[in-house]
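Undergrad:
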Amino acid sequence: MRALSRAAILAVGSEMLTPSRTDTNSLLITEQLNTLGIEVVLKMIVGDDRAELANGVRVALDRVDLVVCTGGLGPTDDDLTRDVVADVLGRPLREDESITSHIKARFTRRGMQMPEINRRQAMVPEGGLVIENPNGSAPGLWLEHEGRVVLLLPGPPRELRPMLTRVVESSLAARAAGMALVRRVVRITGRTESHTEEAVQSLYAPWASAPVPVAATILASLGQVELHLSVRAPSRSAAAGALDLAVQQVVERLGPDVYSTDGRALEQVIGEVLAERGLRIAVAESCTGGLITSRLTDVAGSSRYLDQSVVTYSNEAKTSLLDVPAELIAAHGAVSEPVARAMAEGMRARAGADVAVAVTGIAGPGGGSPEKPVGTVVVSAVMGSAARSRVFRFVGEREMVKFQASQAALDMVRRMLTA
0 MRALSRAAIL AVGSEMLTPS RTDTNSLLIT EQLNTLGIEV VLKMIVGDDR AELANGVRVA
60 LDRVDLVVCT GGLGPTDDDL TRDVVADVLG RPLREDESIT SHIKARFTRR GMQMPEINRR
120 QAMVPEGGLV IENPNGSAPG LWLEHEGRVV LLLPGPPREL RPMLTRVVES SLAARAAGMA
180 LVRRVVRITG RTESHTEEAV QSLYAPWASA PVPVAATILA SLGQVELHLS VRAPSRSAAA
240 GALDLAVQQV VERLGPDVYS TDGRALEQVI GEVLAERGLR IAVAESCTGG LITSRLTDVA
300 GSSRYLDQSV VTYSNEAKTS LLDVPAELIA AHGAVSEPVA RAMAEGMRAR AGADVAVAVT
360 GIAGPGGGSP EKPVGTVVVS AVMGSAARSR VFRFVGEREM VKFQASQAAL DMVRRMLTA
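Each step along the sequence shown adds one to the number in numbering that gives the first Met the number 0, with nothing skipped, and position 197 is 196.
Shown next as structure tokens:
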């Protein structure tokens, strides 16, 4: 019996090929399979097209030990997964009367008669094992083919989740290769992707040739870089040991630019430091329009350390709410280090907080000048007798500038707290 180590996920449904729907099931499936050491090497979204779905199943079977299909198990004509997989595997379909009875009972409990089209959901490919669906009418199916496994699961997350958990803990656990697959995400800010790559690239070869090899993938996103490290090892402890060493080496190379070695978001890292030290923070925002505060409050328990915030979008608001002198704005402009510093000081005084951070800038698309183009943002933070300010030049559209500004502000606070 072949051990399962490599998997492909096929998300079935034309709606997921449109801008209005996103495939989230594959993330859950990947997470669950990884706990067994099964690596997902291929993901596909396939529309409700018989030929395309058949081709996708064949491609997956040719490359992996386990194929997980989600969606397309309903009663309508465009629910093709069951029929197509049966055709690809050369298995005739036969009605399972116990499934039909179960579906009829569901309709009866709702005071309805089962439509005849629901019989399609009771059709089982020869040799298939039925996976009970307690939350819906479409059962799952477990099929074995030439040493490989094809797993069919319904698309609605409410139905998929409990069925997947049950299969992972039983049938898949018994067939897994017995290797632990462990991942860790190192998050970095204050460096570009290329600068990060330049600093850590020489680590890749030693990691790859180590007794417990470490694989690395570098990803860039707004305001940060992520280094994804993964290890396959005979045990979770061996994998964790290899990852601990790799993470330590990354931190030695990148220093304080690493803000998280376990995937935590920047706002979570800051919140934990503030809570541990018993400090409270206040926020003054202009161009970010409340985004910094929103990110801080995304973390449960943020009331322990977030005192208050104000959005002072106009110059008049900066003066009336934060006591920024009007003459300071007239002399330097609202987007300037003196004004940002005054906003931070005014916010700290207003709230009586331990830490305050302020942001002012030009998010665009208008409002820029040759001296201060769109994307110019000034951040200032104050804590005790310490104060920091910096002018940034961000690129991108309005939302991108706002997010990068919020990231820079949070990072300035983090560095001040951990200095």
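Don't be surprised by glycine CBs; every beta carbon is placed ideally from N, CA and C. Everything numeric in this text was worked out from a predicted model, so none of it was measured.
Please identify the residue among R157, S379 and L163 whose C-alpha is closest to the C-alpha of G139.
TA: Out of R157, S379 and L163, L163 has the C-alpha closest to the C-alpha of G139.
Undergrad: Measure the C-alpha to C-alpha separation of V166 and V358 and round it to an integer number of angstroms.
TA: If you take the alpha carbons of V166 and V358, they lie about 50 Å apart.
Undergrad: Using the three-state DSSP reduction, which class does M382 fall into: helix, strand or coil?
TA: Of the three classes helix, strand and coil, the one that applies to M382 here is strand, per DSSP.
Undergrad: Smallest Cα separation from E51: which of G363, L79 and R186?
TA: Looking at the Cα atoms, L79 is the closest of the given residues.
Undergrad: Anyone know if the C-beta pair for R387 and M411 falls short of 8 Å?
TA: Yes. Within cutoff.
Undergrad: Go ahead and pull the three-state DSSP assignment for M43.
TA: Correct three-state label for M43: strand.
Undergrad: So, for V268: in the same chain, excluding its five sequence neighbours on each side, which residues have a beta-carbon less than 7 Å away from its beta-carbon?
TA: For V268, where only same-chain residues beyond five positions count, the Cβ hits under 7 Å are Y258, S259 and R413.
Undergrad: Rounded to the nearest angstrom, how far is the Cβ of E266 from that of D306, given a contact under 8 Å?
TA: About 15 Å; that fails the 8 Å criterion.
Undergrad: Tell me which residue opens and which closes the beta strand (DSSP E) that Q307 is part of.
TA: Counting along the chain, the beta strand (DSSP E) containing Q307 begins and ends at L305 to V310.
Undergrad: Below 8 Å, can you find three or more Cβ-Cβ pairs linking the segment 18-36 to the segment 57-72?
TA: Touching, yes.
Undergrad: Tell me whether E275 is buried or exposed, calling it buried when 16 or more other Cβ atoms sit within 10 Å of its Cβ.
TA: The residue is exposed, with fewer than 16 neighbouring Cβ atoms inside 10 Å.
Undergrad: Which class does I269 belong to by DSSP, given the choice of helix, strand or coil?
TA: It is helical.
Undergrad: Have a look at T21 and L27 and give me their C-alpha separation to the nearest angstrom.
TA: T21 and L27: Cα-Cα distance of roughly 13 Å.
Undergrad: Check whether the segment 79-93 and the segment 199-210 are in contact - that is, three or more C-beta pairs closer than 8 Å.
TA: No, the segment 79-93 is not in contact with the segment 199-210.
Undergrad: For Q223, which beta-bridge partners are listed by DSSP?
TA: Its beta-bridge partners are S220.
Undergrad: Hey, how far is the Cα of A219 from the Cα of D256?
TA: Roughly 14 Å separates the two Cα atoms.
Undergrad: Quick check: what's the CA-CA separation for S313 versus R340?
TA: Each residue's Cα considered, the two are about 16 Å apart.
Undergrad: Can V376 and G363 be called in contact, C-beta distance under 8 Å?
TA: Not a contact, by the Cβ cut-off of 8 Å.
Undergrad: Tell me which same chain residues have a C-beta within less than 7 Å of the C-beta of E94, skipping the five on either side of it?
TA: The residues are R118, A121 and M122.
Undergrad: Starting from S259, follow the beta strand (DSSP E) in both directions and report where the run begins and ends.
TA: Counting along the chain, the beta strand (DSSP E) containing S259 begins and ends at V257 to S259.
Undergrad: Put M122 into one of helix, strand or coil per three-state DSSP.
TA: Here M122 sits in strand by DSSP.
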